[in-house]
Amino acid sequence: MSRIWQMLGAVVMCSSLWSVAGCKGNQDAGREQLLSFKCAGVAESGHCAVYGPTITDLVTRPEVYQSLPIEVFGYFSVSSQDTFLYPDLDAYEHFENQRAVYLDIPPDQRPRFGQLQGKYVRLEGTFKRLSVSDIVRAEIIARPDRRLAIPFPPPIPPDEAPRK
């Protein structure tokens, strides 16, 4: 708990100072601490190989993830004009681009991503200039909250049901 108060004190102190240069070290430390919680894969060297921000993280704090390898989940939308990854089905259905992250896919490569349209996907790429670019992996995944529930108790197969 004292660490939180120290960080809060550093933020208050930095915001009250006139010189931005005096806060640079605290900003870098805060960024590193935030990134340590978002590490999605560790390389053999022990450093983070890929980060796992949410789409909201990328939209609200793009400077934190600039030029970093990322893994991000969302609803894929590709068209001849634009390509976006939306955080949820509602944002996808209503084209809420302010809540989405732009996908930097060249127009000539967009047809190969057509099967992902409207699907919940996992993308791996690099976050650059407010968009996901250099996509190295794109795959459809099942939404964890959309799994079929297994009824309890399990149903009795028809051949084992008691006969009337």
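For what it's worth, our numbering labels the leading residue of the sequence shown as -10, then goes sequentially. We put the beta carbon where it would ideally sit given N, CA and C, even for glycine.
| Check | Outcome |
| --- | --- |
| In this structure, does DSSP put G30 in helix, strand or coil? | strand |
| Can you check which of these residues, S120, A127, I130, G114, is closest to P58 by C-alpha distance? | G114 |
| At the level of alpha carbons, what is the spacing between G11 and S68? | The predicted position of G11 is uncertain, since its pLDDT is 43 and thus under 50; a value taken from the coordinates is nonetheless stated next. Answer to the nearest angstrom: the Cα atoms are 46 Å apart. |
| Between the Cα of A89 and those of V110, H83, D97, F73, spot the shortest distance and give me the residue it belongs to. | F73 |
| In its own chain, which residues sit with a C-beta less than 6 Å from the C-beta of I129, not counting the 5 before and 5 after it? | K108, V110 |
| Is the beta carbon of Y75 sitting closer than 7 Å to the one on Y64? | yes |
| Determine the DSSP secondary structure at E60, reduced to helix, strand or coil. | strand |
| Can you tell me the Cα-Cα spacing of T43 and R132, whole angstroms? | 15 Å |
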